[in-house]
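A short worksheet on the structure shown next.
Chains as they are written, first to last, in our numbering: chain R, 131 to 244; chain W, 14 to 126.
Shown next, in the form of structure tokens:
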């Protein structure tokens with residue numbers, strides 16, 4: 131059973147471009163979480179999704195950031211008009227249910243904005 | 014609202030010494046508690062979890078944690094630390110119908126030779 135997959139692993143964008151980060155959860159998992167980790171900082175929750183639904187987006191910046199988890203295909207975290215402050219590692223995790231289950235983390239996407 | 018506090022930002026121990034990483038949580042019902050480890054440049058890996066039952070939980074890599082409801086704590090321990098244990102450790106709390114899990118800010122462990 132393949133683990134959580136994230137791609138790309140590394141992404142470089144110029145200021146003002148769009149970044150699209152993809153996450154394929156483990157087989158059978160319908161819950162996806164996105165986290166951001168800034169350099170020298172801890173993990174910060176961004177958004178929690180189930181298939182076709184956003185359950186909790188309390189950690190998402192109000193502008194430029196959006197996430198989806200369609201019925202088919204991976205979950206996408208989209209950052210429009212990136213700025214240098216968006217440079218970070220973005221981790222996706224999946225679980226078979228709510229937060230009573232442990233989360234399985236992907237290897238992360240390291241976004242660098244130049 | 015649920016929250017997790019890891020009071021120690023950095024801890025340094027000598028190889029072979031014992032280790033205890035602290036975690037305090039706030040949660041309105043029976044918590045589900047987790048410890049994860051993150052090596053540099055990697056994602057997080059689950060070390061152990063507590064759902065119910067025996068309050069002393071055994072995990073991978075020789076780690077254990079003890080749930081103490083009266084102290085709202087779930088401290089991680091290891092009797093003898095190895096150099097390969099150097100990493101960042103995260104405590105997390107969740108539960109049924111809680112939505113997201115909440116993570117602490119992490120504790121960075123350095124192991125001296």
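The beta-carbon is built from N, C-alpha and C at its ideal position, and this holds for glycine as well. Since the model is a prediction, treat every value here as computed from it, not as a measurement.
Residues from the stretch 212-242 of chain R in contact with chain W, defined by Cβ distance under 7 Å: 221, 228, 229, 230, 232, 233, 235, 236, 237, 238
Within-9 Å CB hit, residue 85 of chain W to chain R: Start at 1 with the first residue of the second chain, and residue 85 of chain W comes out as number 72. Judged by the 9 Å Cβ criterion, residue 85 of chain W is not in contact with chain R.
For residue 16 of chain W, three-class secondary structure by DSSP: Working through the second chain from its first residue, we reach residue 16 of chain W at position 3. Residue 16 of chain W falls in the strand class under three-state DSSP.
Residues within the stretch 160-175 of chain R neighbouring chain W, beta-carbon criterion of under 9 Å: 163, 165, 167, 171, 172, 173, 174, 175
For residue 154 of chain R, three-class secondary structure by DSSP: Position 24 of the first chain holds residue 154 of chain R. In the structure shown, residue 154 of chain R sits in a strand (DSSP, three-state: E or B).
Extent of the continuous beta strand (DSSP E) to which residue 159 of chain R belongs: By 1-based counting over the first chain, the position of residue 159 of chain R is 29. From DSSP, residue 159 of chain R is part of no beta strand (DSSP E); its letter is neither H nor E.
Coil, strand or helix - residue 83 of chain W by DSSP: The residue labelled residue 83 of chain W in the question sits at position 70 within the second chain. In the structure shown, residue 83 of chain W sits in a helix (DSSP, three-state: H, G or I).
Counterpart residues of residue 243 of chain R in DSSP-defined beta bridges: By one-based count along the first chain, residue 243 of chain R stands at place 113. Per DSSP, R:143.
Own chain residues within Cβ distance below 8 Å of residue 21 of chain W, not counting five before or after: Along the second chain, read from residue 1 onward, the residue named residue 21 of chain W stands at position 8. 34, 35, 120, listed in sequence order.
Below-9 Å beta-carbon distance, residue 55 of chain W vs any chain R residue: For the purposes of this step, residue 55 of chain W is identified with residue 42 of the second chain, where counting begins at 1. Yes, because at least one Cβ of chain R sits closer than 9 Å to the Cβ of residue 55 of chain W.
CB contact check: residue 66 of chain W to chain R, cutoff 9 Å: The sequence position of residue 66 of chain W within the second chain is 53, counting from 1. Output row for residue 66 of chain W: interface = no.
Residue 37 of chain W to residue 114 of chain W span [Cα, whole Å]: By one-based count along the second chain, residue 37 of chain W stands at place 24. By one-based count along the second chain, residue 114 of chain W stands at place 101. Going from the Cα of residue 37 of chain W to the Cα of residue 114 of chain W covers about 14 Å.
Burial state of residue 82 of chain W (16 or more Cβ within 10 Å): Walking along the second chain from the start, residue 82 of chain W turns up at place 69. By the 10 Å Cβ count, residue 82 of chain W comes out exposed.
Length of the line joining the Cα atoms of residue 31 of chain W and residue 99 of chain W: Indexing the second chain from 1 puts residue 31 of chain W at position 18. Indexing the second chain from 1 puts residue 99 of chain W at position 86. Each residue's alpha carbon lies about 13 Å from the other.
Beta-carbon contacts of residue 158 of chain R that lie in its chain and below 7 Å, excluding the five residues immediately before and after: Mapped onto the first chain, residue 158 of chain R falls at position 28. If we look at residue 158 of chain R and ignore the five residues flanking it on each side, its Cβ neighbours are 226.
Cβ neighbours of residue 57 of chain W in the same chain (closer than 6 Å, five flanking residues each side left out): Within the second chain, numbered from 1, the residue matching residue 57 of chain W stands at position 44. 49, 51, listed in sequence order.
Test item: CB-CB of residue 80 of chain W and residue 69 of chain W under 9 Å: Start at 1 with the first residue of the second chain, and residue 80 of chain W comes out as number 67. Start at 1 with the first residue of the second chain, and residue 69 of chain W comes out as number 56. Taking 9 Å as the Cβ cut-off, residue 80 of chain W and residue 69 of chain W qualify as a contacting pair.
Status (buried if at least 16 other CB within 10 Å, exposed otherwise) for residue 168 of chain R: As a first step, residue 168 of chain R is located in the first chain; it is residue number 38 there, counting from the start. Counting Cβ neighbours within 10 Å, residue 168 of chain R comes out exposed, since fewer than 16 surround it.
Rounded C-alpha distance that separates residue 223 of chain R from residue 233 of chain R: In the first chain, counting from the first residue as 1, residue 223 of chain R sits at position 93. In the first chain, counting from the first residue as 1, residue 233 of chain R sits at position 103. Whole-angstrom Cα-Cα distance: 6 Å.
Environment of residue 203 of chain R [buried if 16+ CB atoms lie within 10 Å]: Locating residue 203 of chain R in the first chain gives position 73, counting from the first residue. Exposed.
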